[in-house]
Amino acid sequence: MLTQLIQWAADAIVQRQRPDGALLMEPADQSANSVIPYFANLAVIGLANAYPHLRRRSYLHTAQKWLQWYASHMNPDGTIHDYQLLGGELRPTGDCDSTDAYAATFLEALERTAQVSGERRWWSSLYPAAVKAVGAIRLTLQADGLTWAKPGRRVKYLMDNVEVFRGWRSARWIAHSLGRGSEAAEWERQAHRTLAAIDRWLFLPREGWYAWALHEDGTRESGLSQWYPDVMAQLMAIAWLPASTRRKRLFAQLQRQFAPMWQTAMESG
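Here the sequence shown is numbered in numbering that gives the first Met the number 0, starting from 0 and rising by one per residue.
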């Protein structure tokens, strides 16, 4: 059953790719469509995870083509825009939801695809794009170790910074795999710095959970009343950051609070 679900999801991603490598939000035969690089990066991480289970080369090729498309559409500062499909052509919107998370998920997608492909020459050719993505993260990196979502949105989001932590680690792996020791060491240091900043500035000791947003004026937004962003942000921190006593306690708290609701939802379909 699990294998069938993995194949269904992976095939759905493959069906969204254009010949040029762009990954669309809807199946490629639909005219009302768009490219949101953040979601495409997450999709490629999924394909990279599916490939070792099913060994379908189409999954690997789809991932590689997307990463090459992303690299060729980066702005000089390493950021990338969303694209709208108009009249059969993809046109940049001139904007994106964030610059930190787009770049970070690109780095993780590149690392995951490189690991399962084993094609060192291929990911070596994308190293300049990885460096540019690091530049996009640095674009909004602040003195406290956290990133703003983008230059025009001066908010430090928990989810974005969790992804930035993973992006730094992926950048470190890519650099290390290519024998670039100084870059690998620097990006490893940045990963530790981001992790420490998340726990220092976003965790709320009294409540026992994380603020999901920290604004420029110091205001924090937090709570557990809504799935998004409240609870989803907590689960991202629990699942995607290294295990810790603090995050184990938080997960136990979420289980106690929400498990009955989840069970009811599953039973009612």
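Using N, Cα and C, we set each Cβ at its ideal position, and we do this for glycine too.
Fair warning: this is a prediction, and the values are worked out from it, not measured in the lab.
DSSP bridge partner residues for residue i (one or two, in chain order)
i	result
Ala100	Note: Ala100 sits in no beta bridge, so no partner.
Tyr126	None, per the DSSP bridge assignment.
Glu162	Beta-bridge pairing links Glu162 to no other residue.
Arg90	Gln83
Trp208	Leu203
Arg54	Answer is none; Arg54 lacks a bridge partner.
Tyr34	It should be pointed out that residue 34 corresponds to Val in this sequence rather than to Tyr. Looking at the DSSP assignment, Val34 forms a beta bridge with Tyr82.
Met214	Here the sequence assigns His to residue 214, which means Met is not the residue at that position. Beta-bridge pairing links His214 to Val154.
Leu22	Gln16
Arg219	Leu213
Chain-order list of residues whose beta-carbon lies under 6 Å from that of residue i (same chain, five-residue window excluded)
i	result
Arg17	Ala27
Gln14	Pro26
Ala47	Ala62, Arg111, Thr112 and Val115
Gly268	Note that Gly268 scores a pLDDT of 45, beneath 50, so its modelled location is shaky; the value from the coordinates is reported in the next line. Closer than 6 Å at Cβ, skipping near neighbours: no residue.
Met235	Met158 and Val161
Arg222	Per the sequence presented here, residue 222 reads as Gly, with Arg not at that position. Around Gly222: Asp229.
Ala196	Asp143, Gly144 and Leu145
Chain-order list of residues whose beta-carbon lies under 7 Å from that of residue i (same chain, five-residue window excluded)
i	result
Met265	Reliability of the predicted coordinates at Met265 is poor, the pLDDT of 46 falling under 50, and the value obtained from them is presented with this limitation in mind. The answer is none, since no qualifying residue turns up.
Ala238	none
Gly20	Lys64, Trp65, Gln67 and Trp68
Leu297	Examination of residue 297 is not possible in this model, given that the chain is present from 0 through 268 alone.
Ala42	Ile12 and Leu22
Ala174	Glu182, Ala183 and Trp186
Ile79	Pro36, Tyr69, His72, Met73, Cys95 and Tyr101
Leu177	Ser123 and Tyr126
Gln233	Trp208, Tyr209, Leu249 and Leu253
Other residues of its chain near residue i: CB distance less than 8 Å, five sequence neighbours each side excluded
i	result
Arg192	Gly144
Tyr37	Cys95, Asp96, Ser97, Ala100, Tyr101 and Thr104
Pro150	Thr98, Leu138 and Thr139
Arg188	none
Gly207	Arg248, Leu249 and Gln252
Gln256	Leu223
Met231	Met158
Leu203	Tyr209, Ala210, Arg219 and Ser221
Gln3	none
Asp81	Ser33, Val34, Ile35, Pro36, Pro91, Thr92, Asp94, Cys95 and Asp96
Arg246	Ala236, Ile237 and Leu240
Met0	none
Met24	Arg15, Asn32, Ser33, Val34, Ile35 and Phe38
Residue j beta carbon less than 7 Å from that of residue i
i	j	result
Arg153	Glu220	no
Ile44	Ala142	no
Glu110	Trp200	no
Ala70	Leu125	yes
Met9	Ala49	According to the sequence displayed, residue 9 carries Ala and not Met. Contact: yes.
Gln6	Leu53	yes
Ala148	Phe164	no
Leu166	Leu89	One point to set straight first is that residue 166 is Gly, not Leu, in the sequence displayed. Not in contact: Gly166 and Leu89 (Cβ atoms no closer than 7 Å).
Gly77	Ala135	yes
Lys155	Leu194	no
is_contact[residue i, chain B] using C-beta, thresh 7 Å
i	result
Ala142	Of the protein chains in this structure there is only one, and it is not chain B.
Validate contact between the stretch 86–106 and the stretch 126–142 using beta carbons, cut 8 Å, 3 pairs:
Counting Cβ pairs under 8 Å, three or more are found: they touch.
On the three-pair Cβ rule with 8 Å, is the stretch 239–251 touching the stretch 180–192?
Touching, no, given that fewer than three Cβ pairs across the two stretches are closer than 8 Å.
Entirely enclosed beta strand (DSSP E) segments - the stretch 128–204, minimum 3 residues
You should have 154–156.
Say whether the stretch 86–94 touches the stretch 154–169, bearing in mind that this needs 3 or more beta-carbon pairs closer than 8 Å, one atom from each stretch.
The stretch 86–94 and the stretch 154–169 do not touch, with fewer than 3 CB-CB distances between them shorter than 8 Å.
Uninterrupted beta strand (DSSP E) stretches inside the stretch 227–261 (no shorter than 3 residues):
Runs found: none.
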